[in-house]
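The structure under discussion appears below in the form of structure tokens.
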Amino acid sequence: MTTAKLTQLNKQEVLRYLGYREQALSLQLEEQIDRSISLALELAHPRSVYRRFKRNGAETPPAEELLLGCDIQEHLADSEEMILLAATVGSDLDHEIRRQQSLNMSFAVILDAAASTAIEAYLDLLEDQMRADFLQEGLYLTSRFSPGYGDLPLTIQGDLLRILDSHRKIGLAVGAGGLMNPIKSVSCIMGLSRQGFGKTKDPCEICSNRDNCGLRRRGGYCGKFRSNEIS
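What follows is the structure, encoded as structure tokens:
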């Protein structure tokens, strides 16, 4: 689909996932974070797949059935087409995080944060590339909207991945409880229009976990507006 490659990670994003703001970091922690970033980049094998549907077109019904709730309808209100997208950084990172949990739990937590940063960074690269590609067609792309965001049920995730045939194409499936496997993966819906889009809502504004979000209390946000990570 696209040729986006993951070559670097933002250390500040790793710290955000760890709950740090502007605290001083020990040399040992700095070294562990640097090591986690290097390891995440080494073990990440980003892959993605998407499908494009005309709204109200002959191919639309299975995709339109995913649009449950008011928030996704509002998100796509001005869109002539919709995109279903799934992406993963693969299972090697999952395996290494589990291995580290039995060896060094503190490093496992840091590596998990680096892995979350990796999938978010990959999605940002994909979105930037897709946005540029679609602009060549005179089309504008909305931001990402993932299952579980607002009132869009997490339960649609299995159907979304089935429509994308993601298990066969990129090795991404839904396991027990609706969780994706590999864990560091994202599914989302976006819209396309020949008209520009107005200002989108603050991602925290319609989140059902807004009042209980630890990241928000620390001045951050979970990134679900851009990914499917849940705090």
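Take -18 as the starting number for the sequence shown in this note's numbering and just add one per residue. Beta carbons are placed, not taken as given, at the ideal position from N, Cα and C, and that holds for glycine. Predicted, not measured: the structure shown is a model, and the values here were computed from it.
Does the beta-carbon distance from residue i to residue j come in below 8 Å?
{"i": "T123", "j": "S60", "result": "yes"}
{"i": "A94", "j": "M63", "result": "no"}
{"i": "A99", "j": "V167", "result": "no"}
{"i": "L74", "j": "Q81", "result": "no"}
{"i": "L145", "j": "R36", "result": "no"}
{"i": "R79", "j": "L120", "result": "no"}
{"i": "G159", "j": "G139", "result": "yes"}
Note down the Cα distance separating residue i from residue j, rounded to an integer number of angstroms.
{"i": "R143", "j": "V(-5)", "result": "31 Å"}
{"i": "H76", "j": "K(-14)", "result": "21 Å"}
{"i": "L(-10)", "j": "C51", "result": "35 Å"}
{"i": "L20", "j": "P27", "result": "14 Å"}
{"i": "V30", "j": "P134", "result": "21 Å"}
{"i": "F206", "j": "L104", "result": "In this predicted model, F206 has a pLDDT of only 39, less than 50, meaning its place in the structure is not dependable enough to derive any value."}
{"i": "T69", "j": "K165", "result": "6 Å"}
{"i": "G172", "j": "A154", "result": "23 Å"}
{"i": "E11", "j": "L(-1)", "result": "13 Å"}
{"i": "N57", "j": "S7", "result": "First, the amino acid is wrong: residue 57 is Leu here, not Asn. Spanning the two alpha carbons is a distance of roughly 46 Å."}
{"i": "G131", "j": "T(-12)", "result": "32 Å"}
{"i": "Q13", "j": "F34", "result": "44 Å"}
{"i": "D213", "j": "G177", "result": "The displayed coordinates of the chain run from -18 to 212. Any statement about residue 213 would go beyond what the structure contains."}
{"i": "K(-8)", "j": "Q9", "result": "15 Å"}
{"i": "D109", "j": "E118", "result": "15 Å"}
{"i": "M161", "j": "M86", "result": "23 Å"}
{"i": "S212", "j": "G156", "result": "Its pLDDT being 31, under 50, S212 is placed unreliably by the model, and the measurement read from it follows with that caveat. Near 19 Å, if we compare the C-alpha coordinates of G156 and S212."}
Beta-carbon within less than 7 Å of residue i's beta-carbon, same chain only, minus the 5 sequence neighbours each way: which residues are those?
{"i": "I137", "result": "L47, L49 and P128"}
{"i": "L65", "result": "Y31, R32, A44, L141, I144, L145 and I170"}
{"i": "D15", "result": "none"}
Apart from the five residues on each side of it in sequence, which residues of its chain come closer than 6 Å, Cβ to Cβ, to residue i?
{"i": "S147", "result": "V30, A67 and L153"}
{"i": "L106", "result": "A(-15)"}
{"i": "L22", "result": "none"}
{"i": "S208", "result": "Because the pLDDT at S208 is just 37, under 50, the model does not fix this residue reliably, and the point stays unresolved."}
{"i": "K150", "result": "V30"}
Take residue i and list the residues in its own chain whose beta-carbon comes closer than 8 Å to its own, dropping the five residues that flank it on each side.
{"i": "A5", "result": "none"}
{"i": "P163", "result": "T69, V70, G71, S72, L74, D75, G152 and L153"}
{"i": "S17", "result": "V(-5), F88, I91, L92, A94 and A95"}
{"i": "S83", "result": "none"}
Between the Cα of residue i and the Cα atoms of the options, which residue gives the shortest distance?
{"i": "R125", "options": "L116, E101, Q117 and G139", "result": "E101"}
Original post:
Can you list the beta strand (DSSP E) stretches of 3 or more residues lying completely in the segment 23 to 64, in chain order?
Top reply: 28 to 35
Subject >> Inside the segment 116 to 178 only - alpha helix (DSSP H) runs reaching at least 4 residues >> reply: 138 to 145 and 147 to 151
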